[in-house]
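Numbering follows this note's numbering, in which position 274 of the sequence shown is assigned residue number 257; successive positions increment by one, without gaps. Using N, Cα and C, we set each Cβ at its ideal position, and we do this for glycine too.
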Amino acid sequence: MKKFNIRKVLDGLTAVSSSSSSSSASAQPGNRENDLIQETLQSEHFQLCKTVRHGFPYQPSAMAFDPVQKILAIGTQTGALRLFGRAGVECYCQHESGSAVIQLQFLINEGALVSGLADDSIHLWNLRQKIPAILHSLKFTRERITFCHLPFQSKWLYIGTERGNIHIVNVESFTLSGYVIMWNKAIELSSKTHPGPVVHISDNPMDEGKLLIGFECGIVVLWDLKSKKADYRYSYDEAIHSVAWHHEGKQFVCSHSDGTLTTWNIRSPAKPAQITTPHGKQPKDGKKPEPCKPILKVEYKTTRAGDPFMILSGGLSYDTVGRRACLTVMHGKSTAVLEMDYPIVDFLTLCETPYPNDYQEPYAVVALLEKDLVVIDLAQTGYPIFENPYPLTIHESPVTCCEYFADCPDELIPALYSVGSRQKRQGYSKKEWPISGGNWGQGTQSYPEIIITGHADGSVKFWDASALMLQVLYKLKTAKVFEKARNKEEKPSTDIVDEDPFAIQSLTWCPESRMLCVAGVSAHVIVYRFSKQEVTTEEVQLLEVRMQCELNDVDSPDGAGDHASAVSTPGASSSPQSSAPQTHLSSSSNNSTEGLRDNVPCLKVRSTPLKQSPGYQVELVIQLVWVSGEPPQQITSLAVNSAYGLVVFGNGNGLVVVDYLQKTLLLNVSTAELYGSSDPHQRQPRSPRKARQPSGGLCDGHDGSTALEDRCKSPTSGCVSSDSPCHSDEDSKLNFFERVKSKSRLLSKSVANDFAKMSWKFSLAADQKQDDAKDNSFSRSRSSSVTSIDKESREVISSLHFCDSLSRKSDVAASPSLWVGTSVGTMLGISFNVPSTPEQRLQQTVGVSFCGSVVRLKGGILHMALMDSSGSLQPSASECWYDLNAPEEEREKTRRRRPASPPSSQENQDTYYAVVCSEKQAKVVALPSQNCIFEHNITETSYVLRADVVVMPAGICIACFCANGHIMTLSLPSLRPLLDVNYLPLTDMRIARTFCFSNLGQALYLTSPTEIQRITYSQETCDNLQEMLGELFTPVETPEAPNRGFFKGLFGGGAQSLDREDLFGELAAGKASRSLAQHIPGPGSMEGMKGAASGVVGELARARIALDERGQKLSELEERSAAMMASADSFSKHAHDVMLKYKDKKWYQL
C-alpha cells in the first residue's frame, strides 16, 4: 500500500505519464494529521472487458431454433450473433468480418451452430462454452452462397450458390466433398436459360437419398443422390421464394412471387395438385385471381389429431396500401391474419418433434420482426402472444439519455417492481415461454443495480440490471403532464423542436430519497416524488421562469448587488400556478407590437385533473418561457438535492435554483453574476445580442427590418410605451409581488428587479453540449482554451454538484453548498442557509450567498466531487425516502435526514478535497484553502466525454471516457494513471450521449439504437465473469425416433436412411477443387467441442467421465487378470496330468 504525503508530494510523487498526459503537484500547508492519505487502488485492480449485451438485435437478418436444446439464435446485418435461452440466459458474439448473416443452422442437440454470411463464408460455432467461439471457417472464393441446409443428425451440410450449383461440406472437418450437383445436370433440357440461384434445399422426410432443390426461376428438382440424376422436375411460371414438405414426403408446397401457393405431388410433375391465392380476390367468371404481393415464406406443419397448419408471411393484395406486415395462419377452413407492428424478417414454427418424418404438432410461431420478437401461441384460440421475458423494448422509443446506478439501496428494486407490476398488459398466453434452454450463471456478485433510460416520447424506464440480467421494473410517462395536440394543425407554434417535444434530455435521481428530476428538450424540468398511494392532482403545480442574461436590465444602481455577500432572499418567492398573476403572465402577453412571442412556455401544462398511479408522481413542473420572440435555451445541466429541497439547472443564459418544497423560484442569475466582482472575463454590462444571428432551426425567423434598438430594449426600461404588452407584463408582475407581500414574504427591490429581468435567448454555439431526440444529432462541448476572453461567446453551465462543504477560504464550518462548473473551465461556489427544522423549512426562505470562483481548469467542467481528509468520497446529503401521501404517523417513522458531512474545520486546516474533472484535465483542490495539490492533464489531442468519481471495492478513483476511445482511471487524490485502454473509437455520437460509469467498476453505453452494451473495468468482475455468465448448452437426451410400425417395416413404407459417408466421403467422391473455397481453422476442433464443456458443470462432467473411464479400464484389467489366472491354473493342471501319465514309463516306451 502506497502512502502519499501531501506536504512532500513533489519529492515522493513518481511521474507516470505518456506523451499525451502529464502530472504535476504542489505542496499544501496543513497539519500532519491530515497530510497523510493512504491509497489502496493499484493498476492490478483494473481490467477492461465486455460483460453482456442487452436489447433487441439491431437490424436482424436470420434466425434458427434448436428444438431439443430450446435455444434461439438471431443473426444481424452487422455480423452479430445473439443467442437466447430462458429468461436471463443471453449471449452475444460477433463475426470479425462484420458481414451480414444470411442463414443460421443448428446442429440440433450438438451444441454447435453454422452461420452463413454475405461475404460467402460459413462458420462453425461451439456453443458448449459460455462465450461461443468459431471452430472452423470456410471461405468460398468463386461462388456466392445463397442457401444452406443441414439435415437432422447429419454431418453433411448442403450449400446452394448463386450459379445454381450445390456443394457439400463435412461439418466435422469443414472440408468440401468432391460430390457436386451442377445446375445444368439438375435441369437438363427442362429450361433453355439459367434457372437462377438456389433458393431452397431440403431432403425428402421419408427418403434421405432424395434432395429437393428449388431454383429462383420457378423450377424445382427432386435429385437422387445415389444415382446422381434428377427423378422429377416441377416447373411453374412464377419465381419461387420458399418450399415446405408434408411430413409423409409425398407432397410439398411452394410459395411464389405472385402471392400464390402451389401444392405438388412428387410423382405428378406435370402440373400442381392445387394452386391457391390466400389473399387474392376470386373473380366470379373463373379467371385467374389478381396477383398479390410475394409470399416470402411458407411452412407446412401437420398434426396427429386435426387439420394441418399452413403458415405464411406476405402475400397480401396490392390494394392494401399502408397495411402493416401480416403473418397468415391457415388451419383447416379458418384463416387468421395477424398484423405485426414491423416488417417480418423471418419466422419459424416450433414443433414437438425434431424429426421431419413424424407428425410435427406445432405449438408456437416465432416471428422475427425488424424491431421486435413475437412468439404466437398456436394452441389457444385467438392465437395470443407469449409475454416476452427478454429486455427487447429498450428502443420502444429512441433512447435519448442513460444513467447507471450500482450498489443501490436494497429496498429500491422491490419497491419499483411492486408499482411497475401493475402496468403490465393483459391478454398474454397462459403458457410458459417456449424458448427455455440454458442455465443461469452461478456468480457471487449480487449487489442491486439499476439502469434508467430516458426516451424520445418523454418516457423514463427503470431497469433491474443485477447479476448481468436486465428486466424492466417501471415505466414513467412524463408527457401525461402536458396537453397533447390531436393533429398537426393543433400543434402549438411555441415548439422549439420539430419532433418529439417531450424527449428527455437529461435526468438526475437520488436513490436514497427516490426523488427524480428530468429535463426535456422543450426547456422544461419536472420534479417527481415516489409514492405507493394513488392520488388525483386537481391542478399540476407550475412555475414559469424567464432566464436572464443581460446585465444592463437593472433599474436600481444596487440591483446587481455584491454577489459575494450573503443574500437573504435572492430570488422571487413566487407561488405556483395557482396564483392568478403567474397564469395571466403567461397568457396575456403572447404577442408584442412586433408579433413576437413573449412569456409563453414551449408546452402547455394540462389544466384537467391528473390521476397519478402509485409510483412517481409530479411534484412540480418548471418551464422556461419565450423571451421577446426568442425561444428558451435548452437545459445543459441538472441536479436535485432532497436534504435541501432544491432543484437547480443551467444553460447558456445562466442558473436557476428552485425550492420545490415551497414551490418558489429561489435564484435566477446569469453566469456572469455568479462571479461577482471576481469575474475573470471582464464582461461589459451590455446586451451581447448585437452581433448574434438567429438560431437556425430552433426559433422562428425575424424580420430583418426590425430596429435593433427596439429589439434590444429591456421590458423593465422606461422606453417601452404604456400600451405595449410588455408593460402589461410589468403590471402583472407588480400585482404578483403584491400578492406575495400580502403573505408576509418580504422582497427587496433588488430581488424584485432580479425576478423581473428579461433576457434574450442565445442559440447554443457549435461547441456547446446539446442533446436531441434523434440518435445522430449530438454535439459535444469542446473548449479549445480557457484563456479566450471573447465577449460575445456564451459561458454554459456544464456541471452541478450539491455537497456540504467549505466553499470560501474563510469558512470554518461546512455548509450546504452548490458547485457550478462552466464550459470555460471555472468551478464556482454557492452557499445556502437552509432552515433546520421541517416546519421552518416550509415557512422560511432559504438564504443564498455567492462564493465566487474556486478553481480553473482547461476545458469545460464535467464532474465534481468531494473527499474528506481520510480520502473517502463524501456523498451529497440526502433525505431518506418517506411517502408524502401516507398517514402522518407512518410518514414520521420513515422520515429522517442522512447525516451530513463530518466535523467542521479549524483555522488554517484543510479538511476537504474537491475533485474536479474537465474535458482536458483533473485537479484535486484542498478546502478551504483552495490550494491545488494535484493536477493531471488527461489528454492533449482529444477531449473527455464522460467523467465520474466512482467507488471501487478497494478505494475511489476517477473514471474517464475520451473521444479518441480511451477509457482511463486515475487514483485519488494523487491522480496517478491506473488504467488506459484504447477501447472504442467514437464512431457514433449515440455512444457519447449514453456512455456512463457506475460504482464497483461497471459502465454501459448504447452500442446501437436498440442495444445496451455493459462493460466492466474491474479486475475482480473480469475474474468472476465466467461463473456469472449463463450456460447455453445443457445435456439433454435426443427424443426417440418415430416408430415405423410393423407393416411399414415389413413392406418398406417407412423412412429410408442414407449412408452419406459412402456418397460424399473422399474415397467415393474424391477431393474438391482447392480453389473453390479456403479452409480457415478455428481455435478448436469438433472432437474438442464434443468433449469440452466450460464452467463448473463442464469440470464435473470431465471428472465424471475420467472416473468412468478409469473404472472401466480397471474393470477390464481385472477381467484380463482373472482370465490369465484361469489360464495359468488350466496350464498347471494339464502339465500335472501329463507328468503323471509319463512318470513310470521308460524312454523307449514313449
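Quick test of the definition: if touching needs 3 or more C-beta pairs under 8 Å, does the segment 139 to 157 touch the segment 345 to 358?
With a cut-off of 8 Å, the segment 345 to 358 and the segment 139 to 157 do not count as touching, because too few Cβ pairs lie within range.
Enumerate in chain order the residues of its own chain whose CB-to-CB distance from valine 817 is below 6 Å, with the five nearest sequence positions on each side excluded.
Within the sequence shown, numbered from 1, the residue matching residue 817 stands at position 834. The answer, listed in chain order, is Tyr627, Pro799 and Val829.
What residue from Pro381, Glu322, Tyr373 and Pro339 has the CA that sits closest to proline 367's CA?
Here the question's residue 367 lines up with position 384 in the sequence shown. Answer by Cα proximity: Glu322.
Using 8 Å as the threshold, is the segment 44 to 58 in touch with the segment 25 to 32, meaning 3 or more CB pairs across them?
No: the two stretches stay apart, fewer than three of their Cβ pairs being nearer than 8 Å.
List in chain order: all unbroken beta strand (DSSP E) runs of 3+ residues lying wholly within the segment 890 to 948.
If we require 3 residues or more, the beta strand (DSSP E) runs fully inside the segment 890 to 948 come out as 895 to 901, 904 to 910, 914 to 920, 927 to 935 and 938 to 945.
Measuring only the C-alpha atoms, how far is methionine 850 from aspartate 893?
Within the sequence shown, residue 850 is the residue found at index 867, counting from 1. Within the sequence shown, residue 893 is the residue found at index 910, counting from 1. Rounded to whole angstroms, methionine 850 to aspartate 893 spans 11 Å at the Cα level.
Mind checking asparagine 167: buried by the 16 CB within 10 Å criterion, or exposed?
Taking the sequence shown and counting its residues from 1, the one referred to as residue 167 is at position 184. It counts as exposed.
Go ahead and label histidine 1134 buried or exposed: buried means 16 or more other beta carbons lie within 10 angstroms of its beta carbon, across all protein chains shown.
Nothing can be reported for residue 1134, as the shown portion of the chain is limited to -16 through 1133.
Evaluate isoleucine 1134 with the Cβ neighbour count: other Cβ atoms within 10 Å of its Cβ, from every protein chain shown; 16 or more gives buried, anything less gives exposed.
With the chain covering -16 to 1133 only, the question about residue 1134 has no answer from this structure.
State yes or no: is the C-beta of asparagine 92 within less than 8 Å of the C-beta of valine 964?
Position 109 of the sequence shown, counted from the first residue, corresponds to residue 92. Position 981 of the sequence shown, counted from the first residue, corresponds to residue 964. No, the pair does not count as a contact, with Cβ atoms beyond the cut-off.
Have a look at glycine 938 and glutamate 22 and give me their C-alpha separation to the nearest angstrom.
Sequence index remark: in the sequence shown, residue 938 carries index 955 (1-based). Sequence index remark: in the sequence shown, residue 22 carries index 39 (1-based). Going from the Cα of glycine 938 to the Cα of glutamate 22 covers about 7 Å.
In chain order, what residues of the same chain lie with their CB nearer than 6 Å to the CB of tryptophan 1180, ignoring the 5 residues before and after it?
No answer is possible for residue 1180: the residues shown for the chain start at -16 and end at 1133.
Measure the Cβ-Cβ separation of glutamine 488 and valine 504 and say whether it is below 8 Å.
As a position in the sequence shown, residue 488 is number 505, starting the count at 1. As a position in the sequence shown, residue 504 is number 521, starting the count at 1. For glutamine 488 and valine 504, yes; Cβs fall inside 8 Å.
With aspartate 851 as the anchor, note down where its beta strand (DSSP E) starts and where it stops.
The count along the sequence shown starts at 1 and reaches residue 851 at position 868. Start and end: 844 to 851.
Comparing C-alpha positions only, which one of Phe135, Thr259, Thr246 and Tyr896 sits nearest to proline 337?
Walking along the sequence shown from the start, residue 337 turns up at place 354. Looking at the Cα atoms, Phe135 is the closest of the given residues.
What first and last residue would you give for the beta strand (DSSP E) that runs through phenylalanine 632?
Residue 632 sits at position 649 when you count from the first residue of the sequence shown. Segment 629 to 633, the beta strand (DSSP E) holding phenylalanine 632.
Could you give the DSSP three-state label for alanine 1118: helix, strand or coil?
On the sequence shown, position 1135 is the one that residue 1118 refers to. DSSP places alanine 1118 in helix when its eight states are reduced to three.
Apply the 10 Å Cβ neighbour rule to histidine 1117 and answer buried if 16 or more other Cβ atoms are within range, or exposed otherwise.
Start at 1 with the first residue of the sequence shown, and residue 1117 comes out as number 1134. Counting Cβ neighbours within 10 Å, histidine 1117 comes out exposed, since fewer than 16 surround it.
Does the segment 230 to 243 touch the segment 264 to 275, meaning 3 or more C-beta pairs lie closer than 8 Å?
Yes, the segment 264 to 275 is in contact with the segment 230 to 243.
Nearest to leucine 967 by alpha carbon, out of Gly984, Arg959, Ser957 and Cys943?
Translated into the one-based positions of the sequence shown, residue 967 becomes position 984. The shortest Cα separation from leucine 967 among Gly984, Arg959, Ser957 and Cys943 belongs to Cys943.
Apply the 10 Å Cβ neighbour rule to asparagine 153 and answer buried if 16 or more other Cβ atoms are within range, or exposed otherwise.
What you label residue 153 is simply residue 170 of the sequence shown in a count that begins at 1. Asparagine 153 is buried by the Cβ-count criterion.
Leaving out five residues before and five after proline 417 in sequence, what residues of the same chain have Cβ atoms less than 6 Å from its Cβ?
Counting from 1 along the sequence shown, the entry for residue 417 is found at position 434. Counting only Cβ-Cβ distances below 6 Å, and skipping sequence neighbours, we find Leu333 and Ala347.
What does a CB cutoff of less than 8 Å around serine 160 pick up in its chain, not counting 5 residues either side in sequence?
For the purposes of this step, residue 160 is identified with residue 177 of the sequence shown, where counting begins at 1. If we look at serine 160 and ignore the five residues flanking it on each side, its Cβ neighbours are Trp139, His150, Ile151, Val152, Asn153, Phe1047, Gly1048, Glu1049, Ala1052 and Ala1055.
Is valine 652 close to the ligand NAP? I mean its beta-carbon at under 7 Å from any heavy atom of the ligand.
In the structure on display, the ligand NAP does not appear, and there are no ligands present to speak of.
Taking 8 Å as the cut-off, decide whether the C-beta atoms of valine 501 and valine 583 are in contact.
Taking the sequence shown and counting its residues from 1, one reaches residue 501 at position 518. Taking the sequence shown and counting its residues from 1, one reaches residue 583 at position 600. Not in contact: valine 501 and valine 583 (Cβ atoms no closer than 8 Å).
Just to confirm, is the Cβ distance from valine 84 to leucine 64 under 8 Å?
On the sequence shown, residue 84 is found 101 positions in, with the first residue counted as 1. On the sequence shown, residue 64 is found 81 positions in, with the first residue counted as 1. For valine 84 and leucine 64, yes; Cβs fall inside 8 Å.
What does DSSP give as the partner residues of leucine 100 in its beta bridges?
Sequence index remark: in the sequence shown, residue 100 carries index 117 (1-based). DSSP lists Val84 as partners of leucine 100.
Between which two residues does the beta strand (DSSP E) carrying asparagine 816 extend?
By one-based count along the sequence shown, residue 816 stands at place 833. Here the beta strand (DSSP E) through asparagine 816 covers 809 to 816.
When burial is assigned at 16 or more other CB atoms within 10 Å of the CB, is lysine 1124 buried or exposed?
As a working note, residue 1124 is residue 1141 in the sequence shown. So lysine 1124 counts as exposed.
Does DSSP put tryptophan 802 in a helix, a strand or coil?
Residue mapping note: residue 802 aligns to position 819 of the sequence shown, counting from 1. Note: tryptophan 802 maps to strand in three-state DSSP.
By the DSSP assignment, the beta strand (DSSP E) with tryptophan 416 in it spans what residues?
Taking the first residue of the sequence shown as position 1, residue 416 is located at position 433. No beta strand (DSSP E) holds tryptophan 416; DSSP gives it neither H nor E.
Are the CB atoms of tyrosine 988 and phenylalanine 980 nearer to each other than 8 Å?
Looking up residue 988 in the sequence shown gives position 1005. Looking up residue 980 in the sequence shown gives position 997. No, these two residues do not count as a Cβ contact at 8 Å.
For glutamate 521, collect the residues of the same chain with a Cβ closer than 6 Å to its Cβ; drop the 5 residues on either side in sequence, then sort them by chain order.
Position 538 of the sequence shown, counted from the first residue, corresponds to residue 521. Taken in chain order, the residues that qualify are Pro592.
Which residues does DSSP list as the beta-bridge partners of glutamate 282?
As a first step, residue 282 must be located in the sequence shown, where it is residue number 299. Answer by DSSP bridge pairing, in chain order: Ile294.
Pop quiz: tryptophan 247 and glutamine 234 are said to be a contact at Cβ under 8 Å. What is the actual Cβ separation, rounded to whole angstroms?
Position 264 of the sequence shown holds residue 247. Position 251 of the sequence shown holds residue 234. Contact holds; Cβ gap of about 7 Å.
For glycine 99, collect the residues of the same chain with a Cβ closer than 6 Å to its Cβ; drop the 5 residues on either side in sequence, then sort them by chain order.
Taking the sequence shown and counting its residues from 1, the one referred to as residue 99 is at position 116. Within the same chain, glycine 99 has close Cβ partners Ile85, Gln86, Ile105, Ile128 and Cys131.
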